[in-house]
Every structure is written in C-alpha cells, then in structure tokens.
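Residue numbers (the UniProt record's numbering): 1 to 234.
Every residue gets a Cβ at the ideal spot worked out from N, C-alpha and C, and that includes glycine.
First comes the structure, then the notes that go with it.
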C-alpha cells in the first residue's frame, strides 16, 4: 500500500515521518544534553532489505506492506540516527536508536491473520519469549535518561538476540547500518525525498557537517549536505 505522497505505507509511518519530525525539532533543542531517540526493532536485521544505492527508498517496488517493509524501516531509522548524530554532536545533541526486544502486548491480537505463517511466528514468539511491557521500555528509558550517555553522540541500545532483560549497547545486525558511508547516503536520499514531498519552503534546515571548514554548501532549498565520510565501520 502507498500513501498519497507515493511512499510505501509502513516506510512512511515508521521512518519518513520520524525523520521529518526529528529534523523539525533540531532548532528547538537549545539545551546541551538534549537527546533524540529513534525506536528501532530486532527486525532491522533478519527482515530488512537495504540496498546500497537506495533506488527503492520509497518502497515502491515492495509487493506488500509486510515484514520486509517493517524491517527495512527499522534499519533506516538506525542509519538515519547514526548520521544525524554525527552532524549534531558539536551542538551537544545526542541521537540514539533503541529496540525493545520481544515484548508481549495486546497489539498481537490485532495482527492481519491473512498471512497466517507470519502472524503465527510473530505472535508465537511474543507469547513464549515476550517480556512485559515494563521490561520492554527499559532500553528507551535508559537512552533517554542515563546521565553517563551525555556527549556520547550516537548509540544503539537494546536486549540481546533473545530479546530478554537487557538494555545494553549493541551493534546493528544490518551491515549497512554499521557503515558510515551507507548511513550518509541513506540520510542524503531521505532528505531529498522529504523535500520533494513537503517542498523547499516547508523543509526544515538540515544540519551540515561541522568538520567541513568551508561550511556546508546548500544543494537546494534548505538542504545542506555534509561531506561524504570515507571510513567504513566493522
């Protein structure tokens, strides 16, 4: 399913809307120590389909708004958060991504049962391995309130792969989310899509790279591009 803006519905809801909101709030965050938290998922690794060129970043080639769209949206959130953090660290704003692990909530009862195997797998894992909603909130609360994280820049927090009882820092399972070059490219393509949708006049300012001694030159409208990174994370 697609939105009226031509975005796949799940990507629009989970990723593009959050990215636009985050960019819109940046200039309102005046106090050092401010934090932006993106809600990712364990599904960012086994279910995502992240292509290095991002030619299908809008999700138009996806056959349905299913688990692949969901997993991809969560991988994109981590990647966007990593790049945004690199552009905001000099302003004292940290950007974190979190995932709650496997949590049993009433949402499982509202799943689309027409794809019964997927529904069974998701609801079954929640029933047998799911944490309480209280424990599922740990990683979010940790990222939002832990004093020792101030000035960290970026971090990804959540339980282990069993999805149980932890709020530790971890590496994304999606290899592209560990590569700063790919994260930079995802950020750039995301901003282009958002500007096409909302228009240059309504597009919030996009942070440039503070390491650019010449200043980040605008490409179009309010879009300010940072220098492409060269290092590749392990």
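Which of helix, strand or coil DSSP assigns to residue i
i	result
residue 79	helix
residue 213	Summary for residue 213: the model assigns pLDDT 38, below 50, so the residue's position carries little reliability, and this model does not support an answer.
residue 170	coil
residue 40	coil
residue 258	Look at the range of the chain in this structure, 1 to 234, and you will see that residue 258 is not part of it.
residue 187	helix
residue 35	strand
residue 196	helix
residue 177	helix
Residue nearest to residue i in terms of C-alpha spacing, selected from the options
i	options	result
residue 28	93, 76, 173, 102	93
residue 172	96, 30, 144, 26	96
residue 101	20, 80, 148, 167	167
residue 181	36, 30, 144, 79	79
residue 190	19, 14, 5	19
residue 45	202, 170, 207	170
residue 15	145, 31, 48	48
residue 91	200, 203, 31	31
residue 53	184, 143, 89	184
Within 8 angstroms, strictly: CB atoms of residue i and residue j
i	j	result
residue 139	residue 157	yes
residue 187	residue 77	no
residue 71	residue 7	no
residue 103	residue 136	yes
residue 66	residue 150	no
residue 207	residue 35	no
residue 174	residue 22	no
Which residues DSSP lists as bridging residue i, in chain order
i	result
residue 156	97
residue 131	103
residue 2	8
Near the ligand ATP: residue i beta-carbon under 7 angstroms from a heavy atom
i	result
residue 198	As for the ligand ATP, it is missing from this structure, which has no ligand bound.
6 angstroms Cβ shell around residue i - same chain, five flanking residues per side excluded
i	result
residue 159	101, 166
residue 197	5
Neighbourhood of residue i by C-beta, 7 angstroms cutoff - its chain only, sequence neighbours within 5 removed
i	result
residue 89	153
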